[in-house]
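*Asks:* Numbering-wise, the working numbering puts 83 at position 81 of the sequence shown, and it's gapless, one number per residue.
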Amino acid sequence: MIIFPAIDIKDKKCVRLTQGDFDKVNVYGEDPSLMAKKWAGYGAEFIHVVNLNGSRDEVGINDETLAKVAKAVDVPIQVGGGIRDEKRVKELLDLGIEDSKIDELVEKKLISRVHQAMQGVIYNLNTMHVRLVA
Numbered sequence: 003m004i005i006f007p008a009i010d011i012k013d014k015k016c017v018r019l020t021q022g023d024f025d026k027v028n029v030y031g032e033d034p035s036l037m038a039k040k041w042a043g044y045g046a047e048f049i050h051v052v053n054l055n056g057s058r059d060e061v062g063i064n065d066e067t068l069a070k071v072a073k074a075v076d077v078p079i080q081v082g083g084g085i086r087d088e089k090r091v092k093e094l095l096d097l098g099i100e101d102s103k104i105d106e107l108v109e110k111k112l113i114s115r116v117h118q119a120m121q122g123v124i125y126n127l128n129t130m131h132v133r134l135v136a
């Protein structure tokens, strides 16, 4: 079994939301790259990062922080939150993110286009109440 430790980022900080409420934020660190180093030091093979601002269509706010996290460790970084088109996938690749978690509210053909255009990209789907057909 592979465990993906998660780092939730909101406004460039490590946070946890209480029951998913954006108004109930607990800050656990000012620098998410230090948290990534901590997880990598514990032996994490991958790190999952949740871009909470991105999940609310506030795309780009955490890009500098995401790039810093990717550069801080030698393990693959997976990012979710606000990834709804090919342009965003490409932007994350340019930041050094190797794995994009494509959000559930995406155009139907996006997965196929991303797969064809960006061979070797690892991606997964975050879906709820959606039936996937191959």
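Think of the CB as a built atom: it goes at the ideal place given N, C-alpha and C, for glycine as much as any other residue. Since this is a predicted model, take the numbers as computed values, not measurements.
#1: Might you give, ordered along the chain, the residues of its own chain that have their beta carbon closer than 8 Å to the beta carbon of Leu94, omitting 5 neighbours on each side?
#2: Quick one, are the C-beta atoms of Gly45 and Lys73 less than 8 Å apart?
#3: From the DSSP output, read off the bridge partner residues of Gln21.
#4: Is it buried or exposed for Leu134, if we count other Cβ within 10 angstroms and need 16 for buried?
#5: Take the Cβ of Gly142 as the centre, count every other Cβ of all protein chains shown within 10 Å, and call the residue buried at 16 or more, exposed below.
#6: Looking at the structure shown, is Asp10 part of a helix, part of a strand, or coil, going by DSSP?
#7: If you compare alpha carbons, which of Val52, Ile11 and Phe48 is closest to Met3?
#8: Give the DSSP-derived three-state secondary structure of Ile85 in the structure shown.
*Replies:* This is what the structure holds:
#1: Leu68, Val81, Ile85 and Ser102
#2: no
#3: Looking at the DSSP assignment, Gln21 forms no beta bridge with any residue, so it has no partner.
#4: Confidence is the limiting factor: at Leu134 the pLDDT is only 47, short of 50, which leaves the residue's position unreliable and the question unanswerable from this model.
#5: For residue 142 there is no data in the structure shown, the boundaries of the chain being 3 and 136.
#6: strand
#7: Phe48
#8: coil
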